[in-house]
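First to last, the sequence lines map onto chains A and B. Take the first sequence: its letter number 188 is residue 188 in the numbering used here, and every next letter is one higher. Take the second sequence: its letter number 197 is residue 1197 in the numbering used here, and every next letter is one higher.
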Amino acid sequence: MPEMTESEVFDKFAQIVAKSLRIDASQVTPDTHLTDLGAESLDLIEITMETESQFHIFLPDKSILETAVEVFGPDVLEKDGYLTEAGKRLLLQRMPEADAHGFEGEVAVKDLQQYFLKVSTWVRMVQGLAKYTPSDCEACGGPMVASMGFRMKCSQCGQEITLRSGEELNREWVREYYDKEYRPQAGAPVSATAIP
Amino acid sequence: MNAFGSMLYDSSVMRAYTPARYAVDVLPESARAVCCRVDGLPAEINSFADSILTAAERDYWQSMRGVDKRRHEWLLGRAAAKDAVRLLLEQYADLWLSPDQIEILPDAYGCPRVSGTGIRAGLQPVVSIAHSHGVAVGLAVLDPGALAGVDLEGTFRHRENYESIAFHPDERRILADIAPDLAEEWALRMWCAKEAVGKALGRGLSHGLLALRITHMDIAGGLLGVELRDAALDQFPELRGKLLTVYTVRESDFVFSAIIYQQGAVRMRPSRQEILDYLLQKMGELTQDWDYTEPVRPESLLFSELGFESLDAVVLCTAIQEHYQTPMPFAELLAEIGQQQRDLSIDELTTFVDTHLNGPAGSDHATRRLQ
Chain A
1 MPEMTESEVF
11 DKFAQIVAKS
21 LRIDASQVTP
31 DTHLTDLGAE
41 SLDLIEITME
51 TESQFHIFLP
61 DKSILETAVE
71 VFGPDVLEKD
81 GYLTEAGKRL
91 LLQRMPEADA
101 HGFEGEVAVK
111 DLQQYFLKVS
121 TWVRMVQGLA
131 KYTPSDCEAC
141 GGPMVASMGF
151 RMKCSQCGQE
161 ITLRSGEELN
171 REWVREYYDK
181 EYRPQAGAPV
191 SATAIP
Chain B
1001 MNAFGSMLYD
1011 SSVMRAYTPA
1021 RYAVDVLPES
1031 ARAVCCRVDG
1041 LPAEINSFAD
1051 SILTAAERDY
1061 WQSMRGVDKR
1071 RHEWLLGRAA
1081 AKDAVRLLLE
1091 QYADLWLSPD
1101 QIEILPDAYG
1111 CPRVSGTGIR
1121 AGLQPVVSIA
1131 HSHGVAVGLA
1141 VLDPGALAGV
1151 DLEGTFRHRE
1161 NYESIAFHPD
1171 ERRILADIAP
1181 DLAEEWALRM
1191 WCAKEAVGKA
1201 LGRGLSHGLL
1211 ALRITHMDIA
1221 GGLLGVELRD
1231 AALDQFPELR
1241 GKLLTVYTVR
1251 ESDFVFSAII
1261 YQQGAVRMRP
1271 SRQEILDYLL
1281 QKMGELTQDW
1291 DYTEPVRPES
1301 LLFSELGFES
1311 LDAVVLCTAI
1321 QEHYQTPMPF
1331 AELLAEIGQQ
1341 QRDLSIDELT
1351 TFVDTHLNGP
1361 AGSDHATRRL
1371 Q
């Protein structure tokens, strides 16, 4: 199946946001923030659910920083509410250059909401996750449809696959990043003290 | 008195509400707290801001990016929190401050912190702020070590199916037991309770929605019990196995939730004797100003002997729940007693508390019964 382009994902996502917040889709632009459009916590839940069901994906339930803090341990990526240099480096890996400009100098954890709640951030996240959702069956080429839970099923031959969750993919990405950046020899013990 | 001050006393604009309507007031040591709600800003927003904000707050407010809505809500939240702090210090510290003597700015995690020219060391309240659809609520607690969190959600918007992602299957089972006409409101109260706990812990719901688990519900009392799970426990290991009590209330089109958790307070599993001792001591305190001169004994009857009235019973029940940080179905107990037109002894009350803290089996009460 042809992968969805960023603008295709954006159009579909903008419709979801507009419907949930009861606003006109033209108000949703890549640079707007969901909270500026009026989204509160339950609206974000609703938008998450609708996005998951329309794109057949599972969005992570934590931000990449929170997942990374769980992997790296406390005080490595952020300390007392501020990103460390290691924390900034990790986030810059995930962030397009245009967004990175906002995070020079001292960066407080609360300021990251600006990035995490930006429409373009969600669109890229959805696009990235949708790559893991096949539209055609590997076995027979038939169309895949949503099945129970995290599963999809071929409507032709009945073959089932389990989808990857965003949380799991994020964790995997963080682990790989950790290995690449901080563990020069394969198999060396993981040690937070090795991180500059 | 400035514009804000005069507005404060106009009850149509601002009124205080106590989510712990059973009374934060009766627990001077364990929960000195005030919760205030503000509905809407005056038309002259800039002069209102000038009248309540400190210089640093004004700088922060003016530098806020984003749309007006966000700035308005921020201001609304400040108004509610400052009022809560003012009333709190008036009530418990006899300190009369104007809003601009109280500074409330976010720390690096985004949690509001109180300082300001009127705030003395040692009297620095813990605050929490929430806003939704033009209404803001501020909770202020006097004990500096307390964890405090507040939230509100509008009930006017019917939402479908968010429960499937917001709640754990165990929580959905609790919801399934609620009468259908109450289920939607209580789902919202549960959500609100989680948000309040998330705020009290200082990181919002960053551990994921399911890391905060509703495990107890007392509909008559408006109480919800929340326990931490998974990653949230890694960060707060001291809260393992503890039940956090969240007060919830519905007012017009909103549900509110508030939690005040004294750090170091332990969810106790006391023996029956300890419960009895606590109740006798508490009864002694409550009745010391009354006419009743006899010592309070286990067989003393609350209503006919000690002269309790129903409000006194509510005060006592609230104190017990606060003391043990555990909601218990007192409303049902009191209703049952009312129906049967009988009295309640301290001994019987002890059994009730013991059963709800320790379960019917395993407590020494059960053992005693067998003897």
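Even glycine gets a Cβ: it sits at the ideal position worked out from N, Cα and C.
Query	Result
Proximity test, Cβ basis, 8 Å: Met-152 of chain A and chain B	no
Cβ of Ile-1129 of chain B within 8 Å of any chain A Cβ	no
DSSP state of Gln-1341 of chain B mapped onto helix, strand, coil	coil
Environment of Asn-1358 of chain B [buried if 16+ CB atoms lie within 10 Å]	buried
Contact under 8 Å by Cβ, Phe-116 of chain A with Ser-63 of chain A	yes
Within the region 1086-1158 of chain B, ranges of the beta strand (DSSP E) (whole runs, at least 3 residues)	1103-1106, 1112-1115, 1126-1132, 1135-1141, 1146-1154
Cutoff 8 Å: Gly-158 of chain A Cβ touching any chain B Cβ	no
Residue environment, Leu-1182 of chain B, which counts as buried when at least 16 other CB atoms sit within 10 Å	exposed
Members of the region 1095-1124 of chain B near chain A, C-beta cut-off 9 Å	Pro-1106, Asp-1107, Ala-1108, Tyr-1109, Gly-1110, Cys-1111
Extent of the continuous alpha helix (DSSP H) run through Gly-1222 of chain B	Gly-1222 of chain B -> no alpha helix (DSSP H), and no H or E assigned at all.
Distance between Lys-1242 of chain B and Arg-1267 of chain B (C-alpha atoms, nearest Å)	Caution is warranted here: a pLDDT of 44 is assigned to Arg-1267 of chain B, below 50, making its placement in the model unreliable, and the coordinate value is therefore given only provisionally. So the two alpha carbons sit approximately 5 Å from each other.
Sheet register partners of Phe-1254 of chain B (DSSP bridge)	B:Gly-1154, B:Glu-1251
Proximal residues to Leu-977 of chain B (C-beta, below 6 Å), its chain only, five neighbours per side dropped	Because chain B in this structure spans residues 1001 to 1371, residue 977 of chain B falls outside the shown range and cannot be described.
Assumed close pair Met-152 of chain A, Ile-161 of chain A - CB separation to whole angstroms, cut-off 8 Å	5 Å
Minimum C-alpha distance to Val-174 of chain A - residue among A:Leu-112, A:Val-123, A:Cys-137, A:Arg-89	A:Arg-89
Stretch-stretch touch, CB-based, cutoff 8 Å, three pairs: the region 43-51 of chain A with the region 4-19 of chain A	yes
The region 1146-1156 of chain B contacting the region 1117-1131 of chain B, beta-carbon criterion three pairs below 8 Å	yes
Beta-carbon contacts of Leu-59 of chain A that lie in its chain and below 8 Å, excluding the five residues immediately before and after	Thr-48, Thr-51, Glu-52, Met-125, Val-126, Leu-129, Gly-166
Buried versus exposed, by CB contacts within 10 Å (16 or more), Ala-139 of chain A	exposed
Contact list for Ser-1132 of chain B against chain A, beta-carbon separation under 8 Å	Glu-40
Cβ-based burial, Gly-105 of chain A [other Cβ within 10 Å; buried from 16]	exposed
Local conformation of Lys-131 of chain A per DSSP, three classes	coil
Interface flag, Val-1135 of chain B vs chain A, CB-CB below 8 Å	no
Unbroken stretches of the beta strand (DSSP E), 3 residues or longer, contained in the region 135-163 of chain A	144-146, 151-154, 160-162
Alpha-carbon to alpha-carbon, Arg-1342 of chain B and Gln-1262 of chain B	36 Å
Listed by chain order, chain A residues near Ala-1166 of chain B by CB distance under 7 Å	Ile-45
Proximal residues of chain A, C-beta to C-beta of Val-957 of chain B below 7 Å	The structure shown does not extend to residue 957 of chain B, since chain B is modelled only from 1001 to 1371, so the question has no answer here.
For Ala-1313 of chain B, the three-state DSSP class (helix, strand or coil)	helix
Cβ contact check for the region 1271-1290 of chain B and the region 1309-1326 of chain B: 3 or more pairs under 8 Å	yes
Within chain B, partners of Tyr-82 of chain A - CB distance below 7 Å	Ala-1108
Contact list for the region 1229-1249 of chain B against chain A, Cβ threshold 7 Å	Ala-1231
Leu-1088 of chain B beta carbon less than 8 Å from that of Leu-1374 of chain B	Residue 1374 of chain B lies beyond the range of chain B shown here (1001 to 1371); nothing can be said about it.
Closest Cα partner of Gly-158 of chain A within the set A:Ser-26, A:Gly-73, A:Cys-137	A:Cys-137
beta-carbon Val-1135 of chain B near the ligand SAM non-hydrogen atom, thresh 7 Å	This structure lacks the ligand SAM; in fact it carries no ligand of any kind.
Chain A within 8 Å of Glu-1153 of chain B, Cβ atoms only	yes
Boundaries of the beta strand (DSSP E) in which Arg-1058 of chain B is found, first to last residue	Premise fails: Arg-1058 of chain B lies in the alpha helix (DSSP H), 1055-1063, not in any beta strand (DSSP E).
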